[in-house]
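Beneath this line is the structure, given in structure tokens, with notes to follow.
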């Protein structure tokens, strides 16, 4: 039996933030904002991975499939950090990695964080996020004639996260408490036979929608002219790789990279626009030959619209496989 089904997507949002910082000049006023957002995203991803590791290391004596970062297709978009499906019930976990002392308020629902220096910040309540996910998932299941009790809890990724005031009604856990919490959930009447259980697991995974972040330029109001153009060398970090037959070459460290244009074009789509023309491709990659740019764009097998000089190419994000977001490495599956 497969114990874990991975719906997890490496973060395109994180990839865009890293690319934007690499392409902006030192001292740009928006850099501290982007760096803070990157740190927050990495903390969240680290917390979710910590919870996923608990499920990998711990086995349960009943059929179960575990999903991480699952976003089933629905009229109302929702995303679950961690979801366990069993033939008896489903269990949703909302994972948070917010340092400081935490206070859960109910009226109105809010999470207050007090830092070590005494400053206080307000966040949307994880309890509200959890309940919304439970409701959306219940509706998604009912649309498929599945009636399954859905349990849930909020998980604080690290015990160093201190709780001043816990939520009044919602279970609050640290990762090491997850197994005992799951074992405490009652196994009443079995709701799914094994065939339906496996079908529903596949249906959840097939329904998953990849999260596509908003454009960096639009989100942070950055003029595109502020960004450095050109192909960046992953070995030495400098811009200006040149196109050779079948590869790219760095004039500074002499490294070669046959897929450097793929990484650079992804950065265009994350930072600036959702489509690109031949002329824009040449300007961004730093090449002059129209036919070379045409071959590059056609090799991607992207959707197109328009014709001749009005032809525009649109990236299919479902064909992107990012290996390690903090290093900016990815590949486009042809």
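Residue numbers (the working numbering): 119 to 452. The beta-carbon is built from N, C-alpha and C at its ideal position, and this holds for glycine as well.
Going straight from the alpha carbon of residue i to that of residue j, what length do you get?
{"i": "residue 314", "j": "residue 264", "result": "9 Å"}
{"i": "residue 405", "j": "residue 360", "result": "8 Å"}
{"i": "residue 316", "j": "residue 186", "result": "17 Å"}
{"i": "residue 153", "j": "residue 131", "result": "13 Å"}
{"i": "residue 274", "j": "residue 258", "result": "27 Å"}
{"i": "residue 138", "j": "residue 353", "result": "18 Å"}
{"i": "residue 155", "j": "residue 134", "result": "11 Å"}
{"i": "residue 430", "j": "residue 210", "result": "41 Å"}
{"i": "residue 322", "j": "residue 190", "result": "6 Å"}
{"i": "residue 447", "j": "residue 272", "result": "A caution first: residue 447 carries a pLDDT of 37, below 50, which makes its placement in the model unreliable, though a value can still be read off. Their Cα atoms are separated by approximately 32 Å."}
{"i": "residue 193", "j": "residue 255", "result": "11 Å"}
{"i": "residue 420", "j": "residue 383", "result": "12 Å"}
{"i": "residue 239", "j": "residue 217", "result": "11 Å"}
{"i": "residue 371", "j": "residue 348", "result": "16 Å"}
{"i": "residue 403", "j": "residue 378", "result": "10 Å"}
{"i": "residue 126", "j": "residue 188", "result": "Legend: pLDDT at residue 126 = 49, less than 50; position of this residue unreliable, value from coordinates given subsequently. Between residue 126 and residue 188, the C-alpha separation is close to 7 Å."}
{"i": "residue 262", "j": "residue 202", "result": "18 Å"}
{"i": "residue 409", "j": "residue 400", "result": "10 Å"}
From the DSSP output, read off the bridge partner residues of residue i.
{"i": "residue 214", "result": "274"}
{"i": "residue 220", "result": "231 and 281"}
{"i": "residue 357", "result": "350"}
{"i": "residue 314", "result": "Residue 314 pairs with nothing; no bridge assigned."}
{"i": "residue 190", "result": "326"}
{"i": "residue 417", "result": "According to DSSP, residue 417 bridges with nothing at all."}
Cα-Cα, which of the options is closest to residue i?
{"i": "residue 206", "options": "308, 424, 395 and 236", "result": "308"}
{"i": "residue 310", "options": "208, 177 and 142", "result": "208"}
{"i": "residue 350", "options": "244, 251, 381 and 320", "result": "381"}
{"i": "residue 175", "options": "249, 296 and 278", "result": "296"}
{"i": "residue 228", "options": "279, 286 and 177", "result": "286"}
{"i": "residue 510", "options": "159, 423 and 182", "result": "What the structure shows of the chain is the stretch from 119 to 452, and residue 510 is not part of that stretch, so it cannot be assessed."}
{"i": "residue 292", "options": "412, 196 and 278", "result": "278"}
{"i": "residue 335", "options": "409, 387, 394 and 368", "result": "387"}
{"i": "residue 129", "options": "164, 142 and 150", "result": "164"}
{"i": "residue 281", "options": "215, 148 and 432", "result": "215"}
Count the other C-beta atoms from every protein chain shown that fall within 10 angstroms of the C-beta of residue i, then say buried if there are 16 or more, exposed otherwise.
{"i": "residue 173", "result": "buried"}
{"i": "residue 226", "result": "exposed"}
{"i": "residue 213", "result": "buried"}
{"i": "residue 204", "result": "buried"}
{"i": "residue 319", "result": "buried"}
{"i": "residue 364", "result": "exposed"}
{"i": "residue 407", "result": "exposed"}
{"i": "residue 180", "result": "exposed"}
{"i": "residue 234", "result": "exposed"}
{"i": "residue 224", "result": "exposed"}
{"i": "residue 305", "result": "exposed"}
If contacts are defined as beta-carbon pairs under 8 Å, then residue i and residue j qualify, I think. What distance do you get, rounded to the angstrom?
{"i": "residue 284", "j": "residue 222", "result": "6 Å"}
{"i": "residue 345", "j": "residue 389", "result": "6 Å"}
{"i": "residue 329", "j": "residue 197", "result": "7 Å"}
{"i": "residue 231", "j": "residue 248", "result": "Not quite, the Cβ-Cβ distance comes to about 18 Å (not below 8 Å), so this is no contact."}
Flag residue i as yes if its beta-carbon sits less than 8 Å from any beta-carbon of chain D, otherwise no.
{"i": "residue 329", "result": "Of the protein chains in the structure, only one exists, and it is not chain D."}
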